[in-house]
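Numbering (my numbering), first residue to last: 700 to 882. Every residue, glycine too, gets a C-beta built ideally from N, C-alpha and C. Since the model is a prediction, treat every value here as computed from it, not as a measurement. Read the structure below first, then the notes.
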Amino acid sequence: MNRTLVCILCQTRSWELTWPKFKSNIIDALQADLALCISVPDNYNYQNPLWQHAKYKITFPEYDDWGEALDYIQDVETNFNHTNKPNWREALQIGNYWLGGVKNHPKQQPGSGAIIFIARWYLLQFIKNENLFEKYDRIVVTRSDYMHNVPHPSVMILDPTYIWVPDGEGYGGITDRHAVLSK
C-alpha cells in the first residue's frame, strides 16, 4: 500500500503556474496527501489551491533576522538549558550562503539558506508530534515552484534504504530542492 506524504517547504510561490501539473503529476500520481510547512506573510492568499488542498498546514513566523528562529530552536532542543549550550553562530564561518538570512553578525551571508533548515525543523516536529511516521511510509519534500511536466516516479520502485534526490542544482553539494525519504 502506498502511504505517501508530499511536503512543500517555506513558501507556496508560483502556484498560479504550477498547481494543475503539481496536482496531477505529484499528488495524484503518488496518491499522496499534502502538507505545507511555510512561513505566512501578512498578505498570504489563503484561497490558493495548495493551501485549500493541504491536509496538514504547519506555519511558522516570518523573521527579519532568521537567527532569532535558530536561537528559539536551540532553546527548544536544549530544553531551555542555557548552560554550556554551543554557539551555533560559529557555523556562519562556513560561508557560501550556508546560513543566509541570519543578520547582525560579522560573517553575515547572503541569501536565505537558514530558512530551509528552520522549515525542516518545524516539519520534523509536526511529523513527530502527530505520529505521522505511523501513517506514512514515504515523505516527499519539495517546492511549489517546480513545473512537474511528467508524473513523479512511483515511490514503490525506489529502494527505501536510500534518500532519493534528482541530479542537478547541487552547487557543490546535493540538491535540497526535492527529496524522497523513507520513514
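Run through the DSSP bridge pairs and tell me what residue i is partnered with.
i: A878; result: V840
i: T703; result: R837
i: L708; result: C736
i: W863; result: V879
Put residue i into one of helix, strand or coil per three-state DSSP.
i: D770; result: helix
i: A734; result: strand
i: I725; result: helix
i: W787; result: helix
i: L831; result: helix
i: M846; result: coil
Hey, could you find the ends of the alpha helix (DSSP H) residue i is sitting in?
i: A818; result: 812 to 828
i: P884; result: There is no way to answer for residue 884, as the model of the chain reaches only from 700 to 882.
Just reading off the beta strand (DSSP E) that residue i is part of, what are its end residues?
i: F721; result: No beta strand (DSSP E) holds F721; the alpha helix (DSSP H) holding it covers 714 to 721.
i: F779; result: It is not in any beta strand (DSSP E) - F779 carries neither H nor E in the DSSP assignment.
i: I757; result: 755 to 759
Three or more C-beta pairs below 8 Å linking the segment 750 to 761 and the segment 720 to 740: yes
Cβ contact check for the segment 713 to 724 and the segment 740 to 749: 3 or more pairs under 8 Å: These segments touch.
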